[in-house]
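Colleague:
Protein chains in written order, with this note's numbering: chain A, 1032 to 1170; chain B, 1032 to 1170; chain C, 1032 to 1170; chain D, 1032 to 1170.
1. Identify whether residue 1193 (chain B) lies in helix, strand or coil by the three-state DSSP scheme.
2. Taking 7 Å as the CB-CB cut-off, is residue 1091 (chain A) touching chain D?
3. When you compare only the Cα positions, how much space is there between residue 1113 (chain D) and residue 1157 (chain D)?
4. Specify the secondary structure class of residue 1114 (chain A) as computed by DSSP and reduced to three states.
5. According to the Cβ coordinates, are residue 1055 (chain A) and residue 1092 (chain B) closer than 7 Å?
6. In whole angstroms, give me the CA-to-CA distance for residue 1109 (chain C) and residue 1043 (chain B).
7. Taking 7 Å as the CB-CB limit, is residue 1174 (chain A) close to chain C?
8. Since residue 1048 (chain C) meets chain A, which of its residues come closer than 8 Å, beta carbon to beta carbon?
9. With distances taken Cα to Cα, identify the nearest neighbour of residue 1072 (chain A) among A:1037, A:1149, A:1117, A:1161.
10. Tell me the DSSP bridge mates of residue 1038 (chain C)?
11. Which of helix, strand or coil does DSSP assign to residue 1077 (chain C)?
12. What three-state label does DSSP hand residue 1054 (chain D) in the structure shown?
13. Who does residue 1170 (chain D) pair with in a DSSP beta bridge?
14. May I ask which residues mark the beginning and end of the beta strand (DSSP E) holding residue 1154 (chain B)?
15. Which chain C residues sit within Cβ distance under 7 Å of residue 1054 (chain A)?
16. For the candidate residues A:1097, A:1080, A:1034, whose alpha-carbon lies nearest to that of residue 1141 (chain A)?
17. Would residue 1083 (chain D) be called buried (16 or more neighbouring beta carbons within 10 Å of its own) or exposed?
18. With distances taken from CA atoms, which of C:1150, C:1137, C:1118, C:1160 is nearest residue 1169 (chain C)?
19. Opposite residue 1104 (chain D) in the DSSP bridges: which residues?
20. Where does residue 1071 (chain B) fall in DSSP's three states?
21. Any idea if residue 1116 (chain C) is buried or exposed, counting beta-carbon neighbours within 10 angstroms, 16 or more meaning buried?
22. Go ahead and pull the three-state DSSP assignment for residue 1065 (chain D).
23. Suppose you measure from the CA of residue 1120 (chain A) to the CA of residue 1102 (chain C); what does that come to, to the nearest Å?
24. Shorter than 7 Å from the beta carbon of residue 1063 (chain D) to some beta carbon of chain A?
25. Using a Cβ-Cβ cutoff of less than 8 Å, which residues in the same chain neighbour residue 1003 (chain B) once the five nearest sequence positions on both sides are dropped?
26. Distance, Cα to Cα, residue 1148 (chain A) vs residue 1086 (chain A)?
27. In three-state terms, what does DSSP make of residue 1119 (chain D)?
28. Rounded to the nearest angstrom, what separates residue 1126 (chain B) and residue 1122 (chain C) at their Cα positions?
29. Output yes if chain D places a C-beta closer than 7 Å to the C-beta of residue 1060 (chain A); else output no.
Dropping the structure here:
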């Protein structure tokens, strides 16, 4: 539960808007990528490569929140420190702290579920309890 | 203050991820676009076309939050109902309700500031109180 | 073959870069969306809703080209005129002309294939000849 | 002129579409980022940090082309090898070869100009000849 992972990103020109700062949805895009790197670093294969019998296709969001404290611009190198701060029955909570050097730029929080295709209707997805196999990697 | 604006979007194939649902940062992208349409509908020109002497270059985020209730996929038509629910001294709060037909998909909330280039350091931006000229359009 | 479809887009603040003009990959994003609207306008359902027995999951690109003639910025309304200009044995060629009013901004050309999951290896995709059922809609 | 630079990217879940492969405009997004890394590696500061008196705000595109040879998916690590293959009077040509390991995935070509704000109309941009100071870094 106390495991953290840090993912590095370089802010690109095209990540910034006409105010010359990062267009804010990109911070969520980076948090999402950091979430997957977090699991990969613990040994969980990308969803499409796993063959764990649980049919997981992703970890869609239930809730997302971010506080934007200091802006970033292109040329900046940023680091996202990611951890799971809570495992719930049907969901889990990730925390992301985004820094440039020692400066905290953004604090984010995502509530996610593990999802698979609905067995009777592949057009729908359904939430699963966090798989034991994944959860215990973080204990 | 009670004014609302509805912006329509078509969910594209490329807005969706390998789980076949909207990649969540796109909802924030659409909320951001809806925010600008909200101001445009009230008669505020795009920032780069205004010549109001206040030097506003955008309305960057201080805080963003969304609850994701029902997923969407490509081919869907969605509507974002946008309003300003609070004017504060240095910031303001926007509310976005995203629907497909009558179904609420996402509820979002953005806290924003009006920003201009810092007069002594154009590489920085600074927050302004919401301009009277803009604020009174919504009273 | 001579059928064309026009899709309208509003250029958003977040579609533009620090030079205040559209970040160019967004033009390809819009062309991709226009391609799907082109098929939808002819009566082809989104891939995930079709049940045509051919397993098509998308129309990935083989080749893409664009000439950028006049830039666009946020607040602009643009129209993409899309047509299929050539049906080949295993691929097809789409043409996109992007205009703001009467001004041509971008001319694009995409070579695409119809793709399905490889029957023996779902992790791979394979190109199909353009389905007769779709092709004849444009004759 | 013979200088090349290699930029590494990790393909994220959100970079992929419902066909589970990279949504193609992202390849152009990465080429654009690789172009800036190419200049940075040669010692050219990000445009907003330079104070070279030439007012350059970016290197917008005149023409872009890509051949998509092999698809990529999330979890892949890709490398973009970038070079300037031609300096012209008012523009220059960049070449990008995108590989996963030894496999070439995409070959791209961008024709770009150096741009600054138009001196008499800051809402417009104008192309400059490639600055000597930048060009000679590659000779």
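Here a beta-carbon is modelled for each residue, glycine too, at the ideal position from N, C-alpha and C.
Modeller: Let me lay it out:
1. Outside the displayed span of chain B (1032 to 1170) sits residue 1193 (chain B), for which this structure offers no information.
2. As a working mapping, residue 1091 (chain A) is identified with position 60 in the first chain. By this cut-off, residue 1091 (chain A) is not an interface position.
3. Stepping through the fourth chain from its first residue, residue 1113 (chain D) is reached at position 82. Stepping through the fourth chain from its first residue, residue 1157 (chain D) is reached at position 126. A direct Cα-to-Cα measurement between residue 1113 (chain D) and residue 1157 (chain D) gives close to 25 Å.
4. Position 83 of the first chain, counting from 1, holds the residue named residue 1114 (chain A). Strand, per DSSP.
5. Translated into positions along the first chain, residue 1055 (chain A) becomes position 24. Translated into positions along the second chain, residue 1092 (chain B) becomes position 61. In this structure, residue 1055 (chain A) sits near residue 1092 (chain B), with a CB-CB distance shorter than 7 Å.
6. Counting from 1 along the third chain, the entry for residue 1109 (chain C) is found at position 78. Counting from 1 along the second chain, the entry for residue 1043 (chain B) is found at position 12. Each residue's Cα considered, the two are about 17 Å apart.
7. Since the displayed chain A opens at 1032 and closes at 1170, residue 1174 (chain A) lies outside it and no answer follows.
8. Within the third chain, numbered from 1, the residue matching residue 1048 (chain C) stands at position 17. Here the neighbours are 1044, 1045, 1047, 1048, 1049.
9. What you label residue 1072 (chain A) is simply residue 41 of the first chain in a count that begins at 1. Residue A:1037 is the option with its Cα nearest to residue 1072 (chain A).
10. Locating residue 1038 (chain C) in the third chain gives position 7, counting from the first residue. Partner(s): C:1111.
11. Translated into the one-based positions of the third chain, residue 1077 (chain C) becomes position 46. Note: residue 1077 (chain C) maps to coil in three-state DSSP.
12. Here residue 1054 (chain D) corresponds to residue number 23 of the fourth chain, with the count starting at 1. DSSP places residue 1054 (chain D) in coil when its eight states are reduced to three.
13. Taking the first residue of the fourth chain as 1, we reach residue 1170 (chain D) at position 139. DSSP output for residue 1170 (chain D) lists no bridge partner at all.
14. Stepping through the second chain from its first residue, residue 1154 (chain B) is reached at position 123. Residues 1152-1159.
15. In the first chain, counting from the first residue as 1, residue 1054 (chain A) sits at position 23. The CB of residue 1054 (chain A) comes closer than 7 Å to the CB of 1045 in chain C, given here in chain order.
16. Along the first chain, one-based indexing puts residue 1141 (chain A) at 110. The shortest C-alpha separation from residue 1141 (chain A) is found at A:1097.
17. In the fourth chain, residue 1083 (chain D) corresponds to position 52, counting from 1. It counts as exposed.
18. To locate residue 1169 (chain C), count along the third chain from 1; it is residue 138. Cα-wise, what sits closest to residue 1169 (chain C) is C:1118.
19. Along the fourth chain, one-based indexing puts residue 1104 (chain D) at 73. Residue 1104 (chain D) is not bridged to any residue.
20. In the second chain, the residue the question calls residue 1071 (chain B) occupies position 40. Assigned with DSSP and collapsed to three states, residue 1071 (chain B) falls in helix.
21. By one-based count along the third chain, residue 1116 (chain C) stands at place 85. Flag for residue 1116 (chain C) reads exposed.
22. Stepping through the fourth chain from its first residue, residue 1065 (chain D) is reached at position 34. Residue 1065 (chain D): helix per DSSP, three-state reduction.
23. Here residue 1120 (chain A) is taken as the residue at index 89 of the first chain, counted from 1. Here residue 1102 (chain C) is taken as the residue at index 71 of the third chain, counted from 1. Going by the C-alpha atoms only, they are around 51 Å apart.
24. The residue given as residue 1063 (chain D) occupies position 32 in the fourth chain. Output row for residue 1063 (chain D): interface = yes.
25. No answer is possible for residue 1003 (chain B): the residues shown for chain B start at 1032 and end at 1170.
26. Start at 1 with the first residue of the first chain, and residue 1148 (chain A) comes out as number 117. Start at 1 with the first residue of the first chain, and residue 1086 (chain A) comes out as number 55. Distance between the alpha carbons of residue 1148 (chain A) and residue 1086 (chain A): 7 Å.
27. Taking the first residue of the fourth chain as 1, we reach residue 1119 (chain D) at position 88. Residue 1119 (chain D): coil per DSSP, three-state reduction.
28. Within the second chain, the letter at position 95 stands for residue 1126 (chain B). Within the third chain, the letter at position 91 stands for residue 1122 (chain C). If I take the Cα positions, the gap works out to 45 Å.
29. As a working note, residue 1060 (chain A) is residue 29 in the first chain. Yes, residue 1060 (chain A) lies at the interface with chain D (some Cβ there is under 7 Å from its Cβ).
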